[in-house]
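Enquirer: Numbering (my numbering), first residue to last: 16 to 304. Note that CB positions come from ideal geometry on N, CA and C, so glycine has one too.
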Amino acid sequence: MAALLETKRNPIAAFARGVVRVLLAAALIWCSGAMAGADGSLYRAQTVVTGQGEPNRIIGFGACLEDVLIKVSGQPMLASDRRLAAYKAKAREFVSSFDYHDQYAGKPHHDEQGTRDRPYDLTVAFDQNKIDGLLAKLGLKPWRSQRPALGVFVEMLHGPKDFIVTSEGTQSDLQRDALAAAAGKRGMHFVLPETAALTSANVTAAGLLKMPPAQLSSIAAPRGGEAILVGQLVWDDKDLGWTTQWRMAWRGRDYTWRFRGVTFDEAFRRGIGGAAQVLSGNGDPGRSK
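1. Where DSSP assigns a beta bridge to G179, which residues make up the other side?
2. What number of angstroms, rounded off, separates the C-alpha of H173 from the C-alpha of L194?
3. Find the nearest neighbour of P228 within the set Q260, V249, V245 and V139, judged by alpha-carbon distance.
4. To the nearest angstrom, how far is it from the Cα of E241 to the Cα of L165?
5. With the cut-off set at 9 angstroms, would you say A197 and T138 are in Cβ contact?
6. What residue does the alpha helix (DSSP H) around V83 start on, and which one ends it?
7. From the DSSP output, in three-state form, read off Y102 for me.
8. With DSSP as the reference, please indicate the residues paired to L248 in a beta bridge.
9. Can you give me the Cβ contacts of R238 inside the same chain, cut-off strictly under 6 angstroms, excluding the 5 residues immediately before and after it?
10. Applying the criterion that 16 or more other CB atoms from any shown protein chain within 10 Å of the CB defines a buried residue, is G48 buried or exposed?
11. Could you pull the DSSP bridge partners for A140 from this structure?
12. Return the first residue and the last residue of the alpha helix (DSSP H) that V293 is part of.
13. According to DSSP, which residues form a beta bridge with Y270?
14. Leaving out five residues on either side along the sequence, give the residues of the same chain with a beta carbon under 7 angstroms from the beta carbon of C46.
15. Determine the burial state of E69: buried for a count of at least 16 other Cβ atoms within 10 Å of its Cβ, exposed for fewer.
16. Considering only the alpha carbon of each residue, which of D142, P123 and L223 lies closest to A167?
17. Quick one: give me the first and last residue of the alpha helix (DSSP H) that R159 is part of.
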């Protein structure tokens with residue numbers, strides 16, 4: 016009765032409160048769906064296969080299984096774990112569904128090329144309970160806690176070219192794409208600095224590795240960056256690849272890891288993967304073998 020009387024006295028206010036309740040309910044539904052979708056995405060992976068034949072599909076299942084185990088656990092060192100070979104050979108047992116996307120969709124076949132030889136994106140979804148059970152057998156567990164967004168600062172040094180990868184500008188196009196692919200593969204989110212913010216904070220490519228994490232955090236935090244990952248990639252003509260070092264400060268500890276002779280795609284995968292290893296509590300990437 017009180018609610019009815021209040022509605023009669025101020026119908027506009029009552030209507031507004033009703034709208035707010037509806038919007039809040041919708042927001043909660045959306046958030047729940049988004050969280051479920053994000054969690055489900057950890058158990059999906061994609062690889063490229065030739066044709067849709069079963070032999071190549073089985074190989075693709077194995078590659079996707081490895082990616083999902085790493086993504087769910089946050090432990091990139093699984094890639095070199097010999098125990099994984101046996102499970103990859105029977106990866107189909109862990110698959111819940113899969114589908115193909117023809118990379119040449121809409122393009123005519125050439126000569127004798129048919130669906131057998133065309134490249135396909137194979138997307139594989141795995142059974143969550145089976146993946147979690149397999150991780151337990153490997154002595155690992157799913158990384159369930161909220162994953163901090165990485166504020167990524169990377170110096171690219173190639174001969175006279177020396178620049179920081181930023182969120183805008185054509186100079187960083189390839190690096191941005193590679194970072195996005197690496198983050199997706201490892202189940203991470205990241206933000207890059209804007210050029211104007213770097214200039215305002217007097218952050219240069221040559222001095223990036225010497226910058227205090229707190230100063231870099233002040234640049235990344237407004238964009239959503241919660242943990243700072245700093246990297247340097249230097250081109251080496253002898254190795255025909257990038258000499259790379261990464262560093263990260265997290266919960267009072269400093270972590271560094273290095274490697275050389277890789278593409279920058281692989282360098283970013285190892286950088287993002289090492290950060291995931293630290294954040295998930297799976298050890299020090301600089302000491303992993």
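Expert: In brief:
1. For the sequence presented, residue 179 should be read as Ile rather than Gly. E170, per the DSSP bridge assignment.
2. 18 angstroms
3. V245
4. 6 angstroms
5. no
6. E69 to S88
7. helix
8. M171 and T259
9. V206
10. Low confidence applies here, because G48 scores a pLDDT of 32, under 50, leaving its location unreliable; read the following figure in that light. When all chains shown are included, G48 counts as exposed.
11. R59 and S112
12. F279 to L294
13. M263
14. Below a pLDDT of 50, predicted positions are generally treated as unreliable, and C46, at 35, falls in that range; no measurement from the model is reported.
15. exposed
16. In the sequence under discussion, the amino acid at residue 167 is Val, which differs from the Ala named in the question. Ranking D142, P123 and L223 by Cα distance to V167 puts L223 first.
17. It is not in any alpha helix (DSSP H) - R159 carries neither H nor E in the DSSP assignment.
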